[in-house]
Amino acid sequence: MPRAPIGRILPLESCRPPVYLPRPNPSYDRNDKRTKAIARRPHNAPPTRDTGPRVNDRIRAEEIRLIGADGENVGVVSPARAIEMAEEVGLDLVEISPNATPPVCKIMDFGKFKYEQQKREAEARKKQKTIEVKEVKFRPGTDTHDYEVKMRNVLKFLEGGDKVKITLRFRGREMAHQNLGRDLLERIAGDVEGVGRIENMPKMEGRQMIMIIGPGAK
3 MPRAPIGRIL
13 PLESCRPPVY
23 LPRPNPSYDR
33 NDKRTKAIAR
43 RPHNAPPTRD
53 TGPRVNDRIR
63 AEEIRLIGAD
73 GENVGVVSPA
83 RAIEMAEEVG
93 LDLVEISPNA
103 TPPVCKIMDF
113 GKFKYEQQKR
123 EAEARKKQKT
133 IEVKEVKFRP
143 GTDTHDYEVK
153 MRNVLKFLEG
163 GDKVKITLRF
173 RGREMAHQNL
183 GRDLLERIAG
193 DVEGVGRIEN
203 MPKMEGRQMI
213 MIIGPGAK
């Protein structure tokens with residue numbers, strides 16, 4: 003009687019237990035904003051300071067002196083009452099004199115107030131323009147074309163609010179004819195009349211004759 007077959011011999015790899023990989027968590031997304039780190043201010047960094055006036059609920063005084071929207075002196079009231087009065091007319095309560103006793107507050111349009119304040123600050127910065135000294139060099143024998151080109155620069159600098167240093171340099175035997183240099187500087191002074199004014203009269207510094215012209219008419 004034939005013997006029953008013993009079973010098929012399987013390779014070693016097929017006998018290893020299966021390895022199960024963890025399924026991805028659908029609730030986690032590396033691009034999800036909730037999983038990203040939130041930038042925070044360093045613990046040792048100074049807090050941001052608001053240098054503007056206190057408005058509405060930020061006013062901390064127990065009582066204030068209230069100025070109405072029309073400029074009338076309402077008197078001393080609580081901030082809560084003043085805020086109610088401001089809300090009734092659709093405006094804000096702004097602290098305009100925090101160091102007064104009690105602090106002075108006014109009912110106004112805070113957005114318009116900030117706009118006007120920024121406008122005034124911008125105008126003040128324009129007036130604080132740094133005046134520079136521009137140098138334009140001439141020679142005693144400067145010809146007509148070069149003179150006109152240089153004078154256009156002089157007038158441009160003066161109209162821009164800057165000072166102009168006129169430098170007239172003498173070479174060699176030209177030092178014996180300083181009168182020619184003075185005549186040229188007098189001509190320049192006449193051509194800037196109405197646009198600039200002479201601040202420093204012509205004077206010799208070594209081999210150079212210097213004259214300073216400031217912006218503005220005489």
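Using the numbering used here, the letters of the sequence shown correspond one by one to residues 3 to 220. Here a beta-carbon is modelled for each residue, glycine too, at the ideal position from N, C-alpha and C.
- Using a Cβ-Cβ distance cut-off of 8 Å, the stretch 95-113 and the stretch 187-203 are not in contact, since fewer than three pairs of beta carbons, one from each stretch, lie closer than that value.
- The residue among D59, N58 and V79 with its C-alpha nearest the C-alpha of L68 is V79.
- Residue ranges of uninterrupted beta strand (DSSP E) with 3 or more members, entirely inside the stretch 76-144 and ordered along the chain, are 94-99, 106-110 and 135-140.
- According to the DSSP assignment, E176 belongs to no beta strand (DSSP E), since it is labelled neither H nor E.
- For V156, the uninterrupted alpha helix (DSSP H) segment begins and ends at T146 to E161.
- For E195, the pairing in a beta bridge is given by DSSP as G198.
- Here the alpha carbons of G162 and I168 stand approximately 16 Å from one another.
- If you draw a straight line from the Cα of Y149 to the Cα of E97, it comes to about 60 Å.
- The beta-bridge partner set that DSSP reports for P217 consists of G198.
- R56: not part of any beta strand (DSSP E); DSSP gives it neither H nor E.
- In this structure L186 touches P142 by the C-beta definition: roughly 6 Å separates them, less than 8 Å.
- By alpha-carbon distance to P100, the top candidate from A63, E90 and Q119 is A63.
- Scanning its chain for C-beta atoms nearer than 8 Å, with the 5 sequence neighbours on each side dropped, one finds around V57 the residues D94, L95, V96, E97 and F112, in chain order.
- V166 is classed as buried because its beta carbon has at least 16 other beta carbons within 10 Å across all chains shown.
- Take I133, set aside five residues on each side of it, and the residues of its chain with a beta-carbon closer than 7 Å to its own are G163, D164 and K165, in chain order.
- The DSSP-derived three-state label of E207 is strand.
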